[in-house]
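Residue numbers (the numbering used here): 135 to 447.
If you want it as structure tokens, here you go:
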């Protein structure tokens, strides 16, 4: 007989502001016999090019997730009843050596038998996470929400930074170059060549302006046609949101998505073959009233819910 998943702490018995700050008040990994989805933090921000502080993102998102409830009406699923979801704590990486940190995270992610929803940390962490996913599923489709392309070659000669993970991933052959999409791109670039090189790598771009003009439904349709039924990895840089909706991030750009648009596009991926996901670049030192952390906690919740829909009878 299949054991009933252990869900969040009962808020009618223990107030939401009390107790351990696990994601959505879920059990810790060591409190369950098995896990279908592990929510794991990566408090690492040594790859940032501007404002530091995303190393404190995982703890801030966990705190902001205390108000999440078991039923997701936007996707009509109770993810914690469908799947055993647990908080796997943090993966500790060397903050003084990016190369070593990348290897540490790749090995740690590969050791999980469950699917991962990862809370960063800066966007450097997407590369080792993608390596671990591709080792199990082969080259994956990528849906990347961000203000920035993150396909630059190097910064100050460094190949591994939060602005380079997806160029490295294409070069390593771990992405399906027929199904790569950026959503929410905006802001100044170094030159037209940035876009040309990004296109050469295989990416399609839906800018924040495209989202505004096309609307959510048309954007979702375009993305689903591009992704098909391929194994899909979703990576969400919280700066895809306008600074009005996510001030607590390292490289804010004006003119971004609303939190409502982001969540509705994610929900439009219901039924996709999602194999892993992350939400990164929450830097709580620049936040106000937990605006950014709250948005990120809801993004992570919807990502878990999308994974639950795959298992829903």
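The C-beta atom is built at its ideal place from N, Cα and C for all residues, glycine as well.
Residue 425 carries a helical assignment under DSSP once its states are collapsed to helix, strand and coil.
A residue is called buried once 16 or more other Cβ atoms fall within 10 Å of its Cβ, and residue 346, having fewer, is exposed. In the structure shown, the three-state DSSP call for residue 248 is coil.
Under the 10 Å beta carbon count, residue 415 is surrounded by 16 or more other beta carbons and is classified as buried. With contacts defined as CB atoms closer than 9 angstroms, residue 403 and residue 350 fail to qualify as a contacting pair. Rounded to whole angstroms, residue 369 and residue 277 show a C-alpha spacing of 6 angstroms. Residue 393 is not a Cβ neighbour of residue 411, given a cutoff of 9 angstroms.
Counting other Cβ atoms within 10 Å of its Cβ, residue 417 reaches 16 or more and is therefore classed as buried.
Between residue 268 and residue 309, the CB-CB gap stays under 9 angstroms. A Cβ-Cβ separation of about 26 angstroms leaves residue 382 out of contact with residue 328 under the 8 angstroms criterion. Under the 10 Å beta carbon count, residue 290 is surrounded by fewer than 16 other beta carbons and is classified as exposed. Residue 171 sits away from residue 240, with the two beta carbons spaced by 9 angstroms or more. For residue 439 and residue 405, the gap between their C-alpha atoms comes out near 11 angstroms. The DSSP-derived three-state label of residue 258 is helix.
Take residue 300, set aside five residues on each side of it, and the residues of its chain with a beta-carbon closer than 6 angstroms to its own are 284 and 285, in chain order. When the five nearest sequence neighbours on each side are left out, the beta carbons in the same chain lying within less than 8 angstroms of the beta carbon of residue 436 are those of 206, 208, 209, 397, 400 and 401, in order along the chain.
The alpha-carbon of residue 146 is positioned some 12 angstroms away from that of residue 152. When C-alpha distances from residue 342 are compared across 360, 362 and 388, the shortest belongs to 388. In the structure shown, the three-state DSSP call for residue 341 is strand.
A direct Cα-to-Cα measurement between residue 312 and residue 336 gives close to 7 angstroms.
Its chain contains 276, 336 and 337 as the residues whose beta carbon lies nearer than 6 angstroms to that of residue 314, once the 5 sequence neighbours on both sides are disregarded; these appear in chain order.
Taking 3 residues as the minimum length, the beta strand (DSSP E) runs contained wholly in the stretch 166-217 are 171-176, in order along the chain. Pairing residue 248 with residue 365, the inter-Cα distance amounts to about 15 angstroms. When secondary structure is reduced to three states using DSSP, residue 283 falls in the coil class, being assigned neither helix nor strand.
Secondary structure at residue 306: coil, using DSSP grouped into helix, strand and coil. According to the DSSP assignment, residue 404 belongs to no alpha helix (DSSP H), since it is labelled neither H nor E.
Here residue 262 is buried. Its C-beta has 16 or more other C-beta atoms within 10 Å.
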